[in-house]
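Below you'll find the structure, written out as C-alpha coordinates, and then a few comments.
Numbering (the working numbering), first residue to last: 107 to 244.
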(Lines of atoms letter the chains of each structure in order from A; the text may use other names.)
(Lines give C-alpha, C1' and ligand atoms only; values in the text may rest on other atoms or scores of the structure.)
Protein backbone atom coordinates (compact mmCIF):
# COMPACT_ATOMS: atom_id res chain seq x y z
CA UNK A 107 0.00 0.00 0.00
CA UNK A 108 2.80 2.41 0.82
CA UNK A 109 4.49 2.86 -2.53
CA UNK A 110 5.74 6.29 -3.61
CA UNK A 111 4.76 5.81 -7.27
CA UNK A 112 0.91 5.94 -7.43
CA UNK A 113 0.93 3.77 -10.57
CA UNK A 114 2.53 0.90 -8.63
CA UNK A 115 0.13 0.98 -5.67
CA UNK A 116 -2.66 -1.51 -5.13
CA UNK A 117 -6.14 -0.27 -5.99
CA UNK A 118 -8.36 1.55 -3.50
CA UNK A 119 -10.76 -1.39 -3.46
CA UNK A 120 -7.91 -3.82 -2.69
CA UNK A 121 -6.48 -1.48 -0.03
CA UNK A 122 -9.84 -1.16 1.74
CA UNK A 123 -10.24 -4.95 1.70
CA UNK A 124 -6.72 -5.51 3.09
CA UNK A 125 -6.71 -7.30 6.50
CA UNK A 126 -4.37 -4.63 7.92
CA UNK A 127 -7.29 -2.21 8.02
CA UNK A 128 -9.65 -4.57 9.88
CA UNK A 129 -8.00 -3.98 13.26
CA UNK A 130 -8.01 -0.22 12.70
CA UNK A 131 -11.72 -0.29 11.90
CA UNK A 132 -12.41 -2.34 15.01
CA UNK A 133 -10.41 -0.01 17.25
CA UNK A 134 -12.01 3.06 15.70
CA UNK A 135 -15.55 1.79 16.16
CA UNK A 136 -14.91 0.37 19.62
CA UNK A 137 -14.07 3.71 21.22
CA UNK A 138 -13.43 6.66 18.88
CA UNK A 139 -16.24 6.99 16.36
CA UNK A 140 -19.40 9.05 16.73
CA UNK A 141 -21.59 6.67 14.73
CA UNK A 142 -21.65 3.85 17.33
CA UNK A 143 -22.81 4.22 20.92
CA UNK A 144 -23.02 2.43 24.25
CA UNK A 145 -26.50 1.72 25.61
CA UNK A 146 -27.55 2.43 29.18
CA UNK A 147 -27.12 -1.32 29.81
CA UNK A 148 -23.46 -1.01 28.80
CA UNK A 149 -23.81 -2.81 25.47
CA UNK A 150 -21.99 -1.34 22.47
CA UNK A 151 -24.29 -0.71 19.48
CA UNK A 152 -22.30 -0.73 16.25
CA UNK A 153 -23.27 0.83 12.95
CA UNK A 154 -24.20 -1.68 10.21
CA UNK A 155 -21.61 -0.48 7.67
CA UNK A 156 -18.16 0.27 9.15
CA UNK A 157 -17.05 2.12 6.00
CA UNK A 158 -17.81 5.85 6.07
CA UNK A 159 -19.34 7.50 3.02
CA UNK A 160 -17.48 10.34 1.37
CA UNK A 161 -19.50 13.43 0.51
CA UNK A 162 -17.20 14.13 -2.44
CA UNK A 163 -14.44 12.26 -4.29
CA UNK A 164 -10.93 12.46 -2.86
CA UNK A 165 -8.79 15.04 -4.66
CA UNK A 166 -5.23 13.75 -5.06
CA UNK A 167 -3.93 16.85 -6.87
CA UNK A 168 -1.70 17.76 -3.89
CA UNK A 169 -0.10 14.32 -3.98
CA UNK A 170 0.37 14.30 -7.74
CA UNK A 171 2.34 17.57 -7.48
CA UNK A 172 4.99 15.84 -5.35
CA UNK A 173 7.68 14.75 -7.77
CA UNK A 174 10.78 14.29 -5.61
CA UNK A 175 11.77 12.98 -2.21
CA UNK A 176 13.06 16.44 -1.28
CA UNK A 177 9.69 17.97 -2.11
CA UNK A 178 7.91 15.36 0.05
CA UNK A 179 10.28 16.12 2.95
CA UNK A 180 9.65 19.86 2.63
CA UNK A 181 5.87 19.40 2.52
CA UNK A 182 5.95 17.06 5.53
CA UNK A 183 8.07 19.55 7.48
CA UNK A 184 5.65 22.34 6.58
CA UNK A 185 2.66 20.19 7.60
CA UNK A 186 4.20 19.29 10.97
CA UNK A 187 5.11 22.93 11.65
CA UNK A 188 1.54 23.98 10.86
CA UNK A 189 0.14 21.30 13.19
CA UNK A 190 2.34 22.55 16.03
CA UNK A 191 0.85 26.04 15.57
CA UNK A 192 -2.76 24.87 15.98
CA UNK A 193 -2.55 24.58 19.75
CA UNK A 194 -4.16 21.14 19.65
CA UNK A 195 -3.01 18.54 22.15
CA UNK A 196 -0.73 15.99 20.44
CA UNK A 197 -1.60 12.31 20.50
CA UNK A 198 -0.04 10.64 23.52
CA UNK A 199 0.10 6.98 24.44
CA UNK A 200 -1.06 6.35 27.99
CA UNK A 201 1.00 3.47 29.41
CA UNK A 202 -1.43 3.32 32.37
CA UNK A 203 -4.34 2.51 30.07
CA UNK A 204 -5.96 -0.90 30.43
CA UNK A 205 -5.41 -1.38 26.70
CA UNK A 206 -1.69 -0.47 26.76
CA UNK A 207 -0.36 -4.04 27.00
CA UNK A 208 -2.55 -5.08 24.08
CA UNK A 209 -1.47 -2.01 22.12
CA UNK A 210 2.21 -2.55 22.84
CA UNK A 211 2.03 -6.17 21.72
CA UNK A 212 0.30 -5.35 18.42
CA UNK A 213 1.78 -1.95 17.58
CA UNK A 214 4.63 -1.78 15.14
CA UNK A 215 7.03 -0.04 17.49
CA UNK A 216 10.73 -0.49 17.22
CA UNK A 217 12.49 -1.94 20.24
CA UNK A 218 13.81 1.43 21.44
CA UNK A 219 10.35 3.02 21.39
CA UNK A 220 8.86 0.06 23.24
CA UNK A 221 11.64 0.20 25.83
CA UNK A 222 11.05 3.94 26.35
CA UNK A 223 7.31 3.38 26.86
CA UNK A 224 7.98 0.58 29.34
CA UNK A 225 10.45 2.77 31.25
CA UNK A 226 7.88 5.58 31.40
CA UNK A 227 5.32 3.12 32.73
CA UNK A 228 7.72 1.88 35.41
CA UNK A 229 8.60 5.45 36.44
CA UNK A 230 4.92 6.37 36.73
CA UNK A 231 4.21 3.26 38.81
CA UNK A 232 7.17 4.04 41.06
CA UNK A 233 5.95 7.62 41.55
CA UNK A 234 2.47 6.39 42.47
CA UNK A 235 3.72 4.00 45.17
CA UNK A 236 3.65 5.45 48.68
CA UNK A 237 7.02 6.25 50.17
CA UNK A 238 7.25 3.56 52.88
CA UNK A 239 10.39 5.01 54.45
CA UNK A 240 8.68 8.37 54.87
CA UNK A 241 5.58 6.74 56.36
CA UNK A 242 7.68 4.78 58.87
CA UNK A 243 9.40 7.94 60.10
CA UNK A 244 6.12 9.71 60.87
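Ideal Cβ positions, reconstructed from N, Cα and C, are used throughout, including at glycine.
Beta-carbon proximity of residue i to residue j, cut-off 8 angstroms
i	j	result
residue 167	residue 181	no
residue 156	residue 133	no
Residue i to residue j span [Cα, whole Å]
i	j	result
residue 224	residue 205	14 angstroms
residue 139	residue 158	10 angstroms
residue 222	residue 170	37 angstroms
residue 190	residue 146	38 angstroms
residue 241	residue 148	Since pLDDT at residue 241 reaches only 46, below the 50 mark, its modelled position is unreliable, and the value read off the structure follows with that caveat. Residue 241 and residue 148: Cα-Cα distance of roughly 41 angstroms.
residue 164	residue 194	25 angstroms
residue 112	residue 188	26 angstroms
residue 185	residue 143	33 angstroms
residue 137	residue 109	30 angstroms
residue 179	residue 192	20 angstroms
residue 183	residue 177	10 angstroms
residue 175	residue 150	44 angstroms
residue 126	residue 162	25 angstroms
Cβ-based burial, residue i [other Cβ within 10 Å; buried from 16]
i	result
residue 201	buried
residue 238	Confidence is the limiting factor: at residue 238 the pLDDT is only 46, short of 50, which leaves the residue's position unreliable and the question unanswerable from this model.
Cutoff 7 angstroms; reference residue i; Cβ partners in own chain excluding five residues on either side
i	result
residue 141	153
Cβ neighbours of residue i in the same chain (closer than 6 angstroms, five flanking residues each side left out)
i	result
residue 118	none
Problem - 4 or more residues per run - each alpha helix (DSSP H) lying fully within the stretch 123 to 203 - result: 126 to 133, 167 to 170 and 175 to 190
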